[in-house]
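The listed protein sequences correspond, in order, to chains H and B.
Here the first sequence is numbered in this note's numbering, starting from 1 and rising by one per residue.
Here the second sequence is numbered in this note's numbering, starting from 1001 and rising by one per residue.
Read through the structure below, which is laid out as structure tokens, and then see the notes.
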Amino acid sequence: MFEARLTEGAILKKVLDSVKDLVTDANFEADPTEGFKLQAMDSSHVSLVSLKLHADGFAHYRCDRPLTMGMNLANMAKMLKCASNEDAITMKADDAGDVVAFMFESPGQEKISDFELKLMDIDSEHLGIPDTEYAVTIRMPSAEFKRICSDLATIGDTVAISVSKEGVKFSTTGDIGDANVTLRQNSEDDKEKMISIELGEPVNLTFALRYLNSFTKATPLSDQVVIRLSPQLPIVVQYVVVDVGYISYYLAPKIED
Amino acid sequence: RGKQQNLKAFFTM
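Encoded structure:
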């Protein structure tokens, strides 16, 4: 059987909000040692989301054998919306069962809610993501990245991200004109405001803003976002929830026609 | 603007 309790249930609510616009149906994998995982591509196979909540990130975690649970994410989100942000959330499933149970407990235990979501069989392709040394690693406030993506999307459809010793430049162009936003590394002691750019070699890649904007739905999970880039490779946009897990998004670049 | 590549071109099945 599988049983996992998150004292801070709001994290699971935020995780669902971070994936449900990108993916309709997905297989969650519960693993005895690794934890609770999901890997899924969007329907056009342009982007991928990979999330993991570590087994020891849960207040209680029991998983006797690996378990695959296919869920409709919109329906899962409907149920999790019924949990209050302060609630603890426990997930439970039997090895051969066809439902997953969600239990919400209010902090004072005066309200206990039980929801059962029907599981579904989903054919999914699992992609092997090679371990790569990226040419560039950018760490910046997640709210700043969200702001840049949403601002540029009002001007154009794609963003060129170019990274050099000068900093990281986000550029777009559209019918009404152009926009460029440049960020420079800072020496902020305040970790939330830190901008750091590790540069192995300069990179210039173009991505669809629609997907990047969808990734920023994970902003409430973390004050900082980590962006990794290499020439001619998908971008990685990662939000780390300290001591709990992470959600990583991959997006294939656009190339010249 | 530009041709969107497929993710499967980068990652192994």
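Just so it is clear, CB atoms sit at the ideal spot from N, CA and C, and this is done for glycine as well.
Would the beta-carbon of residue i fall within 8 angstroms of that of residue j?
{"i": "H/Leu203", "j": "H/Ala160", "result": "Per the sequence presented here, residue 203 of chain H reads as Val, with Leu not at that position. Cβ distance not < 8 angstroms, so H/Val203 and H/Ala160 don't count as in contact."}
{"i": "H/Lys165", "j": "H/Leu209", "result": "no"}
{"i": "H/Glu105", "j": "H/Asp87", "result": "yes"}
{"i": "B/Lys1003", "j": "H/Ile255", "result": "yes"}
{"i": "H/Cys63", "j": "H/Phe2", "result": "yes"}
{"i": "H/Ser230", "j": "H/Thr132", "result": "yes"}
{"i": "H/Pro127", "j": "H/Leu48", "result": "The sequence given here has Leu at residue 127 of chain H, not Pro. Yes. Within cutoff."}
{"i": "H/Met71", "j": "H/Ala26", "result": "yes"}
{"i": "H/Thr182", "j": "H/Lys191", "result": "no"}
{"i": "H/Tyr211", "j": "H/Ser222", "result": "no"}
{"i": "H/Gly57", "j": "H/Asp257", "result": "no"}
How many Å lie between residue i and residue j at the Cα?
{"i": "H/Ile155", "j": "H/Val241", "result": "32 angstroms"}
{"i": "H/Ser142", "j": "H/Ala218", "result": "9 angstroms"}
{"i": "H/Phe28", "j": "H/Gly35", "result": "10 angstroms"}
{"i": "H/Leu53", "j": "H/Tyr249", "result": "15 angstroms"}
{"i": "H/Met91", "j": "H/Met69", "result": "11 angstroms"}
{"i": "H/Val225", "j": "H/Glu188", "result": "15 angstroms"}
{"i": "H/Met120", "j": "H/Ala30", "result": "15 angstroms"}
{"i": "H/Ser113", "j": "H/Ala4", "result": "16 angstroms"}
{"i": "H/Gln232", "j": "B/Thr1012", "result": "16 angstroms"}
{"i": "H/Thr7", "j": "H/Ser84", "result": "12 angstroms"}
{"i": "H/Val19", "j": "H/Gly9", "result": "16 angstroms"}
{"i": "H/Gly97", "j": "H/Phe115", "result": "15 angstroms"}
{"i": "H/Val99", "j": "H/Gly177", "result": "52 angstroms"}
{"i": "H/Val46", "j": "H/Asn180", "result": "25 angstroms"}
{"i": "H/Lys13", "j": "H/Phe215", "result": "15 angstroms"}
{"i": "H/Pro220", "j": "H/Lys37", "result": "19 angstroms"}
{"i": "H/Ala59", "j": "H/Ile129", "result": "29 angstroms"}
{"i": "H/Val163", "j": "H/Ile227", "result": "11 angstroms"}
{"i": "H/Leu117", "j": "H/Met103", "result": "11 angstroms"}
{"i": "H/Met140", "j": "H/Gln109", "result": "38 angstroms"}
In chain order, what residues of the same chain lie with their CB nearer than 8 angstroms to the CB of residue i, ignoring the 5 residues before and after it?
{"i": "H/Leu16", "result": "Leu73, Met76, Ala77, Leu80"}
{"i": "H/Gln185", "result": "Gly167, Ile195, Ser196, Ile197"}
{"i": "H/Pro66", "result": "Glu29, Ala30, Asp31, Pro32"}
Can you give me the Cβ contacts of residue i inside the same chain, cut-off strictly under 6 angstroms, excluding the 5 residues immediately before and after it?
{"i": "H/Ser50", "result": "Gln39, Ser248"}
{"i": "H/Pro234", "result": "Tyr250, Leu251, Ala252"}
Kindly say whether residue i, judged by its beta-carbon, lies nearer than 8 angstroms to any beta-carbon of chain B.
{"i": "H/Ala208", "result": "yes"}
{"i": "H/Met41", "result": "yes"}
{"i": "H/Lys254", "result": "yes"}
{"i": "H/Ile129", "result": "yes"}
{"i": "H/Tyr249", "result": "no"}
{"i": "H/Leu229", "result": "no"}
{"i": "H/Ser124", "result": "no"}
{"i": "H/Thr154", "result": "no"}
{"i": "H/Ser214", "result": "no"}
{"i": "H/His45", "result": "yes"}
{"i": "H/Leu67", "result": "no"}
{"i": "H/Thr24", "result": "no"}
{"i": "H/Asp257", "result": "yes"}
{"i": "H/Leu38", "result": "no"}
{"i": "H/Pro234", "result": "yes"}
{"i": "H/Leu48", "result": "yes"}
Might you give, ordered along the chain, the residues of its own chain that have their beta carbon closer than 7 angstroms to the beta carbon of residue i, omitting 5 neighbours on each side?
{"i": "H/Thr158", "result": "Thr172, Thr206, Phe207, Ala208, Leu209, Lys254"}
{"i": "H/Leu22", "result": "Asp42, Ser47, Val49, Ser214"}
Would the C-beta of residue i count as close to the ligand MG, meaning under 7 angstroms from any of its heavy atoms?
{"i": "H/Glu201", "result": "Because no ligand of any kind appears in the structure shown, any question about the ligand MG cannot be addressed here."}
(message) To test your reading of the DSSP string, which unbroken alpha helix (DSSP H) runs of 4 or more residues are found completely within the stretch 52-90 of chain H?
(response) Counting only runs of 4 or more, we get 73-80.
(message) Quick check on the DSSP output: what are the complete alpha helix (DSSP H) runs of length 4 or more inside the stretch 122-205 of chain H, in order along the chain?
(response) Within the stretch 122-205 of chain H, the alpha helix (DSSP H) runs of at least 4 residues that lie entirely inside it are, in chain order, 142-153.
(message) Please give me, in chain order, every unbroken run of the beta strand (DSSP E) with length at least 3 that falls completely inside the stretch 209-239 of chain H.
(response) Entirely contained in the stretch 209-239 of chain H, the beta strand (DSSP E) runs reaching 3 residues are, in chain order, 224-229.
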